[in-house]
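A.B. asks:
Protein chains in written order, with the UniProt record's numbering: chain W, 1 to 303; chain U, 1 to 286.
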């Protein structure tokens, strides 16, 4: 098929990739996505290629199908098993060119329908009381509840987040009840997938925090061994958040930027995140080395 | 003359937007978006989904229409030009909120509410800074504000004005340290469900707004079209381009703190600072 001029230009842009990261593949995948010619998509809607790195556990299959179906057409799924980074990067670029040429696409894995039968009351299935609450199509709607900060009765919204959200550690599934931005309830439903020690590398850990601070370019530079060259880096991380045995999230960022590996005792995740705002909670999670996170969530499960 | 000016305004907006895309190195990714499917979320607010980028673009166009291209020459030479821009700023907050509201999804909605919370305390210093710039001109007209800078630019007369206005510019263009609507911790927030052409148009509108807000800043603080040798419009373009580059540079270099911390900074530091700025500017203008 002859490519239109627009498609040819599109094919020359970096391939937008959304990664579903399996056990032991976090470091490799993060380094892969920092290559020129590839672009890390922050949401599946912005991606054309779903990269499945490693062997995902069976209980994540449904979540992976949901992510897959969220990618706009045309799209492709690439499974990354034993290829060298150069080989998989080449495969991604070939797939992106085929997508742009309209030669490659995949159908939905799941039927495009609500996850549950209609269970609401009222013309829009809203259920609940008046305009609030209820579980239309099995999705609980926000309902007022006591605020954990000042006792105001504000909407509580409960949802499951993970296992492939790019700002959460791969595999971690959290059920979170939010009032606005504030986490007022938190349950760890699946622990992060086990990662090798290379995921604790200072540059990768620093880059994860820098991306949350809106410093994508600085994250890139740090991963390529340069200095971050950013302003207000330390000051932007609130001083008091993420305190575990004497070090805070800010201290750990400073250590990582200096090139030091950080090890912390496995923290009590629900206690650490309860009452934090969403933005703070994501910074706290990114400020924990993957090894500590995995042990922490395992501890919660065992208890 | 009006037709010529309309053309000049539109050409400036278009050329400026192309320059903004280059500053962001976003040409190819933006083009690629037009080849992608536009996915529809479940039960979206279709009207507002389609209108939000259109409003954003329209506000950018209105903003640049009040900017004088030569001393005494603006497409909309309003006696209250600066108030027109002020209302554009307020409507941007609504537009970004609608953009987050319309997909009917959690992350966009969180981004929308965050931006509304940040938008108000950003708006207030902006008004004080703009009113301070109107004091030496004794007029709310942008033509008169340009005229009042013949001897000395406002950036020198009111040194706090431009830095404070840069904070506003970053917030209005959803950029770097003030990008609370489309932040990374909520998977690009109000844009999280955007794909294809819809995503591209929102990004283009955001870049067009960078042109307008920079042109306003160039007019209010850098004397707009005033300058030796070169004709007025060229000076305006040069100053606008420089401010656009500065905004992009700050956006790429300065870290974004958490929303609650930024709210504290805005209410406790920047708002009193802008009060002080207005007071000093008023005393000097007396």
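Note that the Cβ used here is the ideal one computed from N, Cα and C, for glycine as well.
Please report how far the alpha carbon of residue 22 of chain W lies from the alpha carbon of residue 110 of chain W, in whole angstroms.
C.D. replies: 21 angstroms
A.B. asks: So which residues of chain U does residue 165 of chain W contact, with C-beta pairs closer than 8 angstroms?
C.D. replies: 187
A.B. asks: Rounded to a whole number of angstroms, what is the C-alpha to C-alpha distance between residue 286 of chain U and residue 251 of chain U?
C.D. replies: 36 angstroms
A.B. asks: Where does the unbroken beta strand (DSSP E) through residue 143 of chain W begin, and where does it stop?
C.D. replies: Judged by DSSP secondary structure, residue 143 of chain W falls within the beta strand (DSSP E) whose first and last residues are 143-146.
A.B. asks: Whose Cβ in chain W lies nearer than 9 angstroms to the Cβ of residue 40 of chain U?
C.D. replies: Simply none; closest approach about 10 angstroms.
A.B. asks: Examine chain W for any beta-carbon lying closer than 9 angstroms to the beta-carbon of residue 254 of chain U, and answer yes or no.
C.D. replies: yes
A.B. asks: With DSSP collapsed to three states, give me the class of residue 48 of chain W.
C.D. replies: coil
A.B. asks: What residues in the segment 163-177 of chain U bring their beta carbon closer than 8 angstroms to a beta carbon of chain W?
C.D. replies: Here the close residues are 176 and 177.
A.B. asks: Nearest CA to the CA of residue 72 of chain U: which residue from U:208, U:150 and U:239?
C.D. replies: U:150
A.B. asks: Return the first residue and the last residue of the beta strand (DSSP E) that residue 305 of chain W is part of.
C.D. replies: Any property of residue 305 of chain W remains undetermined from this structure, which presents chain W solely from 1 to 303.
A.B. asks: Quick check on the burial criterion: 16 or more other C-beta atoms within 10 angstroms. Buried or exposed for residue 224 of chain W?
C.D. replies: Looking at its Cβ environment, which holds fewer than 16 other Cβ atoms inside 10 Å, residue 224 of chain W is exposed.
A.B. asks: For the alpha helix (DSSP H) that residue 77 of chain W lies in, which residues bound it at each end?
C.D. replies: Counting along the chain, residue 77 of chain W falls outside any alpha helix (DSSP H), though it belongs to the beta strand (DSSP E) covering 76-80.
A.B. asks: Could you tell me which residues DSSP pairs with residue 189 of chain W in its beta bridges?
C.D. replies: The partner list for residue 189 of chain W (beta bridge, DSSP) is empty, contrary to what the question assumes.
A.B. asks: Could you please give me the residues that DSSP links to residue 18 of chain W through a beta bridge?
C.D. replies: W:50
A.B. asks: Can you have a look at residue 239 of chain U and say buried or exposed, based on whether 16 or more other CB atoms are within 10 angstroms of its CB?
C.D. replies: buried
A.B. asks: So that I know if they touch, is there some Cβ in chain W lying closer than 9 angstroms to that of residue 59 of chain U?
C.D. replies: False, the Cβ-Cβ gap to chain W never drops below 9 angstroms.
A.B. asks: Go to residue 154 of chain W, then tell me how far its beta strand (DSSP E) extends in each direction, as first and last residue.
C.D. replies: 153-161
A.B. asks: Do residue 195 of chain W and residue 37 of chain W have their C-beta atoms closer together than 9 angstroms?
C.D. replies: no
A.B. asks: Can you tell me where the beta strand (DSSP E) with residue 17 of chain U in it begins and where it stops?
C.D. replies: It is not in any beta strand (DSSP E) - residue 17 of chain U instead sits in the alpha helix (DSSP H) that spans 2-23.
A.B. asks: Identify the contact partners of residue 113 of chain U in chain W, using a Cβ-Cβ distance below 7 angstroms as the criterion.
C.D. replies: 180
A.B. asks: Measuring only between beta-carbons, confirm whether residue 191 of chain U sits less than 9 angstroms from chain W.
C.D. replies: yes
A.B. asks: Whose C-beta lies closer than 6 angstroms to the C-beta of residue 265 of chain W among residues of the same chain, with five residues either side of it excluded?
C.D. replies: 245
A.B. asks: Can you list, in chain order, the residues of the segment 43-58 of chain W whose Cβ is nearer than 8 angstroms to any Cβ on chain U?
C.D. replies: 43, 45, 46 and 48
A.B. asks: Between W:226, W:10 and W:213, which lies nearest to residue 97 of chain W when the distance is taken from Cα to Cα?
C.D. replies: W:10
A.B. asks: According to DSSP, is residue 39 of chain W helix, strand or coil?
C.D. replies: strand
A.B. asks: Assign residue 256 of chain W to buried or exposed, taking buried as 16 or more other Cβ atoms, counted over all protein chains shown, within 10 Å of its Cβ.
C.D. replies: By the neighbour-count criterion, in which a residue is buried when 16 or more other Cβ atoms sit within 10 angstroms of its Cβ, residue 256 of chain W is buried.
A.B. asks: DSSP three-state call for residue 76 of chain U: helix, strand or coil?
C.D. replies: coil
A.B. asks: Spatial neighbours of residue 42 of chain W within its chain, please: CB distance less than 7 angstroms, with the 5 preceding and 5 following residues excluded, ordered by chain position.
C.D. replies: So the qualifying residues of the chain are 166.
A.B. asks: So with Cβ pairs under 9 angstroms, would you call residue 258 of chain U a contact of chain W?
C.D. replies: At least one CB of chain W lies nearer than 9 angstroms to the CB of residue 258 of chain U.
A.B. asks: Please list the terminal residues of the continuous alpha helix (DSSP H) segment that includes residue 70 of chain U.
C.D. replies: Looking at the DSSP string, residue 70 of chain U is not in any alpha helix (DSSP H); the run it does join, the beta strand (DSSP E), is 68-70.
A.B. asks: Check whether chain W comes within 9 angstroms of residue 19 of chain U, counting only Cβ atoms and requiring the distance to be less than that.
C.D. replies: Chain W contact via Cβ: absent.
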